[in-house]
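Take a look at the structure below.
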């Protein structure tokens, strides 16, 4: 049975389904079903060819097959009409990865042997490979650096400093957000809103592209492009269910845990924006500036997420805690980082 699709005004791509009766020309009679090819998600997963009249099990299967089909000809599509009876797509503009990175990603880059040019005000994290410091000094003299603590610990052991006690002391110094040493978190830049100590960014990405790394250069690049395209599309579809005015679910969950810890602190108001927060232990006293979003512990500045001391002060001020979370964790920012230009 054929169902008419109503033509939208000015929509030249929409047609009446009665005009497509030629599709049924191979049928012997009106009551006989046409032998149209059926899409098989398992067998067609390797061959993304789509032909006129192909039947799909459901709309989700159709959309997934279309995305894969267009990827084989180096195209990325965007769904501009998606209702119960039809779906319509158009090609995305190129450069969505670059524009998304600039619009929504935090300013930190993990490097693992690479070539860089131009000037950046971002933070670069590496495994302290030989020659990196000298190269950064010449090519990017104004950027800040971080080193992976796991690789520092490896060098630590090679120098003869073994044992769990020394390892724990090393990690304690590295994790400190107050002034303790020259390479601890206390000296990290607050610009990236990222307090990581391990270069897992590179490690995870290397595993992500593992199957592509042994391929010829063109095939390698195409494989990586397809992987990234699928991941960005998956993130985009996931974010469609979120409230744009909210923060991302993972951050919201972490914030809820911090709120429980904040309950044991007592805030004392100094003025509209400045507070002294007193903890349950002697000496556990911190100064919080809500206007500049800073705390004496510095965790808030580094991560962009209010710490337990800040939350205690925010509660006394009767403000919303979510209003003090950095914009990089907002659902809107997540959408921007995965959206096409």
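In the UniProt record's numbering, the protein residues as written are 1 to 341.
Glycine included, every Cβ here is placed at the ideal spot set by N, Cα and C.
Check for me: the beta strand (DSSP E) holding residue i runs from which residue to which?
i, result
"residue 124", "123-126"
"residue 141", "From DSSP, residue 141 is part of no beta strand (DSSP E); its letter is neither H nor E."
Look up residue i in the DSSP assignment and say whether it is helix, strand or coil.
i, result
"residue 39", "coil"
"residue 148", "coil"
"residue 333", "helix"
"residue 82", "strand"
"residue 14", "Low confidence applies to residue 14: its pLDDT is 39, below 50, so where it sits in the model is not reliable, and the reading given next is rough at best. In this structure, residue 14 counts as coil in the three-state DSSP scheme."
"residue 55", "strand"
"residue 196", "coil"
"residue 104", "helix"
"residue 202", "helix"
"residue 242", "coil"
"residue 159", "coil"
"residue 314", "helix"
"residue 114", "Bear in mind that the predicted position of residue 114 carries a pLDDT of just 48, short of 50, making it too unreliable to give a figure here."
"residue 62", "helix"
"residue 172", "helix"
"residue 365", "Here the chain comprises residues numbered 1 to 341, so residue 365 is not present and cannot be evaluated."
"residue 191", "coil"
"residue 49", "coil"
"residue 320", "coil"
"residue 182", "A caution first: residue 182 carries a pLDDT of 46, below 50, which makes its placement in the model unreliable, though a value can still be read off. The answer is coil: DSSP assigns residue 182 none of H, G, I, E or B."
Could you please give me the residues that DSSP links to residue i through a beta bridge?
i, result
"residue 91", "77"
"residue 275", "269, 288"
"residue 326", "Answer is none; residue 326 lacks a bridge partner."
"residue 109", "124"
"residue 295", "288"
Along the chain, where does the alpha helix (DSSP H) that runs through residue i open and close?
i, result
"residue 338", "Residue 338 -> no alpha helix (DSSP H), and no H or E assigned at all."
"residue 251", "249-262"
"residue 346", "Limits of the chain in this structure are 1 at one end and 341 at the other, which puts residue 346 out of reach."
"residue 210", "First-last for residue 210: undefined, no H or E at that position."
"residue 281", "Where residue 281 is concerned, there is no enclosing alpha helix (DSSP H), given that its DSSP letter is neither H nor E."
Pop quiz: residue i and residue j are said to be a contact at Cβ under 8 angstroms. What is the actual Cβ separation, rounded to whole angstroms?
i, j, result
"residue 124", "residue 151", "That belief does not hold up - the Cβ atoms of residue 124 and residue 151 are roughly 14 angstroms apart, past 8 angstroms."
"residue 190", "residue 301", "4 angstroms"
"residue 192", "residue 297", "Incorrect: roughly 18 angstroms between the Cβ atoms, too far for contact."
"residue 329", "residue 293", "About 13 angstroms; that fails the 8 angstroms criterion."
"residue 313", "residue 280", "Actually they are not in contact, since the Cβ atoms of residue 313 and residue 280 sit about 16 angstroms apart, beyond 8 angstroms."
"residue 194", "residue 247", "Incorrect: roughly 16 angstroms between the Cβ atoms, too far for contact."
"residue 235", "residue 338", "5 angstroms"
"residue 307", "residue 258", "7 angstroms"
"residue 275", "residue 316", "7 angstroms"
"residue 80", "residue 90", "6 angstroms"
"residue 242", "residue 331", "4 angstroms"
"residue 37", "residue 54", "5 angstroms"
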